Amino acid sequence: MSEMPTNSTFSPWVSPAMSNPAVEYALDFAQRSILYADVMRERGNQYLAHMAQATPNVLNFAVEPVMSGRDLPRPVNYGLVRIIPPEGVVIDPCKRPFVVVDPRAGHGPGIGGFKADSEVGVALRAGHACYFVGFLPDPVPGQTVEDVMRAEAAFLERVIALHPESEGKPVVIGNCQAGWQILMTAAMRPELFGPIIVAGAPLSYWAGWKGKNPMRYAGGLLGGSWLTQLTSDLGAGRFDGAWLVQNFESLNPANTLWRKQYDVFSKIDTEPERYLGFEKYWGGYVFLDGIEIQYLVDNLFVGNRLSAAQLVTSDGIRIDLRNIRSPILVFCSKGDNITPPPQALGWITDLYVDDADVRAHDQTIIYCVHDSIGHLGIFVSGSVGRKEHREFTTNIDFLSALPSGIYEAELHDKGPETLNPDLAFGDYMLALKKRSLNDVREIVAPDEESDRRFATVSRVSQTNLNLYRTFMQPWVRAVTTSESADFLTQLHPLRLSYRMMSDLNLWLAWLGPVADRVRENRKPAAEDNPVLQAQETVSNMIEFSLDQWRVMRDAMYERAFEAIYGSPWLQAVVRLDAGEAPRQHPGHTPEHRAFRAAEAERLRNEITKGEVLEAGIRALHYIGGDREQVDERNFHVIFNLRCERCADASSVPLADFKWAVRRQTEIMRLDPAAAITALPQLLARSDSSAITEMRNVIERVMTASGPLDKVETARLHEMQDVFDKASSARTRCNDGRTPNALDTTQDPGAPRSEQETSVS
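If you want it as structure tokens, here you go:
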């Protein structure tokens, strides 16, 4: 027998007949099939190697350990590491550090630093020290959600101690599950947090758009949380995160069952590297302690108690998100079916009665709604990293200085027509539009009847859980061992799909060498091959069919859910009266009304307190307070002026400057006439040169983003006249006192409290 030529794998097909499109496609199809199978084999081997690591993660940066949660009094499987800056990146010790907290929702850690253009990478390039909070695959037996919260607080205490020169508390970014986790921690320990960014984080679990977002119905259709308890019991006290990932995959069967795999097959020469990189994260399943997941399902996913301030810690601290004093930036997307905008923003309408309520709690909330990006794209997409996250990071001081209220963040391209482009970083300009609680309601579309159905689910779930714990749990736990739990874990369909297509499968021993020969002799079909184009048509038809099936399935889920839990008799059985509200709004209590009245009285007592900085802030609000939009250029005028004076010992600390902005804005909102009338009294405490300098600053700030309208021009002249008269008066009776124009010294006897000055 003659030896087969070594330069061809499919030599019988490499012939003049290749000019035939069908033959060309047949060879291409056969080669793609072998290469695709080999990619799946590499995927399985990668999974086995990744899961064999002691601390598996997908971080794209070098790190050094800082603190282990296992060393805490209540140990947890979380840890804090410092990101080592890449070569050429310089960290500014005065800039506040960033702490990125990754989600523990079935996958392993690292997605926040998965790419160079990521949350971690953007923060480093902006000169901020960066830390990362990750976790090990296995929980510490018995660890609770509350233990994790206290560990996160301990991590922040360590970061703050490591950065004594920082001008503010750390910026904390929470992705998905980590978003609500850090907000719970911030409600318990608000003094530890600077600005908070939550990306794709669900906070109001009953919310959603009718006809969409079917995941919120899953708990009710499964009878509540008893199945979660059963799964944990079968896992010997551990809950396999692969079940959570399977829920995510079921949302989009067209992508899960077809498109994701077909893209690898159809682009086999270019796609494998990207696919394998993502699969390393997607298949890195982790475990949760049974106590943790049960708490989450009962209190958040089914009970929805977080956004109604109904959670209380073991030591009696109410977890009320209104206690947070740091600005909160909510980043969500209309294309996210795991955390749609109503679930990301619904907590605002759940907690606050009106706009005055938001301001009374000194709360600044900024939201940014992307038009199309998917759930993971919010914190892993390179385009989002280069745009939204870069703008949020470079403008973090601007965001933290905003007065209380609700704002929508918009990013605009910079062009030749952009005024003062040097005052806006990068290729985009961040603009903030004033929004009201009603604007948020239009997005969330709250529905009391829908809430009644979910309240019914919560009560049914508790009944079913009690029945399971009474009659089934003792038997399940009696027959479950650690060996049986491990065996069931390995049989999970998602885990099994990796293991079966790996080198553990001896039937695939031939695949690697054959795939190598195919790569050496690759003969792809031409793009205009009619059979290849027909393949694309068939693929699109399959994807369309799966999408249509998903639409019908989701509609069926919704109708079944509404029919079951909207039933008056079932609501009566669980003792949900016809006229009873599904849950009490936390803003409708006598204690809350008393709090608002006391806060207003405290502000009135501060109307005549302050000096030139307070007067300048009031003047700026008086002139431009009616503007619907403000952008970063206005802030950077003030910030750049302050940077020029950083060597001056009398320069106001950044935290005090931001506090003054927020406080004086509240005074102007409460009683603008009295606040403006008091300006001469405030200016009389400052030097003439300081007053004149502030007068000039006011004009520069107001004109940084464009010309003033007639009303603003008239008000500017009015304020300039007030400052000119005050300057002349101080010149005539100069007492020799020469404070800096940005000094914030107040009247004796009116010091800022520790709580006030810690808000940064």
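Under the numbering used here, think of the first position of the sequence shown as 1, with each following residue one higher.
Where is the CB? At the ideal position from N, CA and C, for every residue including glycine.
Keep in mind that this is a model prediction, so the values were computed, not measured.
Top-ranked residue by Cα proximity to residue 544, from 373, 254, 580: Counting from one through the sequence shown, the residue named residue 544 turns up at place 544. Among 373, 254, 580, the Cα nearest to that of residue 544 belongs to 254.
Hey, how far is the Cα of residue 20 from the Cα of residue 530? In the sequence shown, counting from the first residue as 1, residue 20 sits at position 20. In the sequence shown, counting from the first residue as 1, residue 530 sits at position 530. Each residue's alpha carbon lies about 11 angstroms from the other.
Which of the three DSSP states is assigned to residue 422 in this structure? Counting from 1 along the sequence shown, the entry for residue 422 is found at position 422. It is helical.
Could you check the C-alpha separation between residue 277 and residue 578 for me, to the nearest Å? The count along the sequence shown starts at 1 and reaches residue 277 at position 277. The count along the sequence shown starts at 1 and reaches residue 578 at position 578. Approximately 53 angstroms, taken between the alpha carbons.
Touching by the beta-carbon criterion (3+ pairs, under 8 angstroms), the stretch 85-92 and the stretch 304-321: no
Which whole-angstrom value describes the C-beta separation of residue 669 and residue 359, a residue pair presumed to lie in contact below a C-beta threshold of 8 angstroms? As a first step, residue 669 must be located in the sequence shown, where it is residue number 669. As a first step, residue 359 must be located in the sequence shown, where it is residue number 359. Their Cβ separation, rounded to whole angstroms, is 6 angstroms, which keeps residue 669 and residue 359 in contact under 8 angstroms.
Under the three-state DSSP convention, the category residue 333 falls into: Walking along the sequence shown from the start, residue 333 turns up at place 333. Residue 333 falls in the strand class under three-state DSSP.
What does a CB cutoff of less than 8 angstroms around residue 562 pick up in its chain, not counting 5 residues either side in sequence? What you label residue 562 is simply residue 562 of the sequence shown in a count that begins at 1. Taken in chain order, the residues that qualify are 453.
Under 8 angstroms Cβ to Cβ from residue 501, same chain only, skipping five residues before and after it: list those, please. If you number the sequence shown from 1, residue 501 lands on position 501. Cβ neighbours of residue 501 beyond the five flanking positions: 37, 40, 41, 43, 44, 508.
Local conformation of residue 240 per DSSP, three classes: Counting from one through the sequence shown, the residue named residue 240 turns up at place 240. Here residue 240 sits in strand by DSSP.
Backbone CA spacing between residue 234 and residue 198 [nearest angstrom]: What you label residue 234 is simply residue 234 of the sequence shown in a count that begins at 1. What you label residue 198 is simply residue 198 of the sequence shown in a count that begins at 1. Approximately 33 angstroms between the Cα atoms of the pair.
Distance CB(residue 342)-CB(residue 226) smaller than 8 angstroms: Stepping through the sequence shown from its first residue, residue 342 is reached at position 342. Stepping through the sequence shown from its first residue, residue 226 is reached at position 226. No, the pair does not count as a contact, with Cβ atoms beyond the cut-off.
Among residues of its own chain, excluding the 5 on either side of residue 396, which ones have a beta-carbon nearer than 6 angstroms to its beta-carbon? The residue labelled residue 396 in the question sits at position 396 within the sequence shown. Cβ within range, chain order: 171, 195.
Alpha carbon to alpha carbon, how far is residue 281 from residue 48? Give it in angstroms, no decimals. The residue given as residue 48 occupies position 48 in the sequence shown. The residue given as residue 281 occupies position 281 in the sequence shown. Roughly 13 angstroms separates the two Cα atoms.
Among the residues of its own chain, which have a CB less than 8 angstroms from the CB of residue 574, if the five just before and after it don't count? To locate residue 574, count along the sequence shown from 1; it is residue 574. Here the set comprises 456, 459, 460, 463.
Which listed residue (264, 216, 433) has its alpha carbon closest to that of residue 300: Numbered from its first residue, the sequence shown carries residue 300 at position 300. Comparing Cα-Cα distances from residue 300 to each of 264, 216, 433, the minimum goes to 216.
Short check: CB of residue 230 to CB of residue 468, under 8 angstroms? Working through the sequence shown from its first residue, we reach residue 230 at position 230. Working through the sequence shown from its first residue, we reach residue 468 at position 468. In this structure, residue 468 lies closer than 8 angstroms to residue 230 by Cβ.
Output the distance between the C-alpha atoms of residue 658 and residue 82, rounded to the nearest integer angstrom. On the sequence shown, position 658 is the one that residue 658 refers to. On the sequence shown, position 82 is the one that residue 82 refers to. Taking the straight line joining both Cα atoms gives about 28 angstroms.
Endpoints, the alpha helix (DSSP H) within which residue 432 is located: Position 432 of the sequence shown holds residue 432. From DSSP, residue 432 is part of no alpha helix (DSSP H) but of the beta strand (DSSP E) over 428-435.
Please identify the residue among 539, 363, 384 whose C-alpha is closest to the C-alpha of residue 372. Here residue 372 refers to the residue found at position 372 of the sequence shown. Among 539, 363, 384, the Cα nearest to that of residue 372 is on 384.
Classify residue 60 as helix, strand or coil using the three-state DSSP reduction. Position 60 of the sequence shown, counted from the first residue, corresponds to residue 60. Three-state DSSP puts residue 60 in coil, outside helix and strand.
For residue 120 versus residue 193, is the C-beta distance shorter than 8 angstroms? Position 120 of the sequence shown, counting from 1, holds the residue named residue 120. Position 193 of the sequence shown, counting from 1, holds the residue named residue 193. In this structure, residue 193 does not lie closer than 8 angstroms to residue 120 by Cβ.
For residue 163 and residue 97, which I take to be in contact (beta-carbon distance under 8 angstroms), what is that distance rounded to the nearest angstrom? Here residue 163 refers to the residue found at position 163 when the sequence shown is read from its first residue. Here residue 97 refers to the residue found at position 97 when the sequence shown is read from its first residue. Correct: roughly 5 angstroms between the Cβ atoms.
Check for me: the alpha helix (DSSP H) holding residue 723 runs from which residue to which? For the purposes of this step, residue 723 is taken as the residue at position 723 of the sequence shown. 710-732 is the extent of the alpha helix (DSSP H) around residue 723.
Between the C-alpha atoms of residue 506 and residue 496, what's the straight-line distance to the nearest angstrom? Indexing the sequence shown from 1 puts residue 506 at position 506. Indexing the sequence shown from 1 puts residue 496 at position 496. So the two alpha carbons sit approximately 15 angstroms from each other.
Where in the stretch 144-191 do unbroken runs of the alpha helix (DSSP H), each at least 4 residues long, occur, reported from the N-terminal end onward? 145-162, 177-188
So, under 8 angstroms CB-CB, residue 333 and residue 204 are touching, yes? Tell me the CB distance rounded to an integer number of Å. Indexing the sequence shown from 1 puts residue 333 at position 333. Indexing the sequence shown from 1 puts residue 204 at position 204. The pair is not a contact, with the Cβ atoms about 16 angstroms apart (cut-off 8 angstroms).
Out of 671, 365, 285, 289, which has the shortest C-alpha to C-alpha gap to residue 322? Looking up residue 322 in the sequence shown gives position 322. Measuring from the Cα of residue 322, the nearest candidate turns out to be 365.
Is it the case that the stretch 608-624 contacts the stretch 702-718, given that we only count it when at least three CB pairs across the two stretches are under 8 angstroms? yes
Are the stretch 680-696 and the stretch 608-619 in contact at 8 angstroms, needing three or more beta carbon pairs? yes
Residue burial classification, residue 392 (beta-carbon count within 10 angstroms, cutoff 16): To locate residue 392, count along the sequence shown from 1; it is residue 392. Per the 10 Å Cβ criterion, buried.
So residue 186 packs on residue 324, CB below 8 angstroms; how close in whole Å? Here residue 186 refers to the residue found at position 186 of the sequence shown. Here residue 324 refers to the residue found at position 324 of the sequence shown. Rounded, the Cβ-Cβ distance is 5 angstroms, consistent with contact.
Close Cβ partners of residue 68 (< 6 angstroms) along its chain, the five nearest in sequence each way excluded: The sequence position of residue 68 within the sequence shown is 68, counting from 1. Taken in chain order, the residues that qualify are 79.
Considering residue 631, what are the terminal residues of the beta strand (DSSP E) in which it resides? Along the sequence shown, one-based indexing puts residue 631 at 631. Here the beta strand (DSSP E) through residue 631 covers 629-631.
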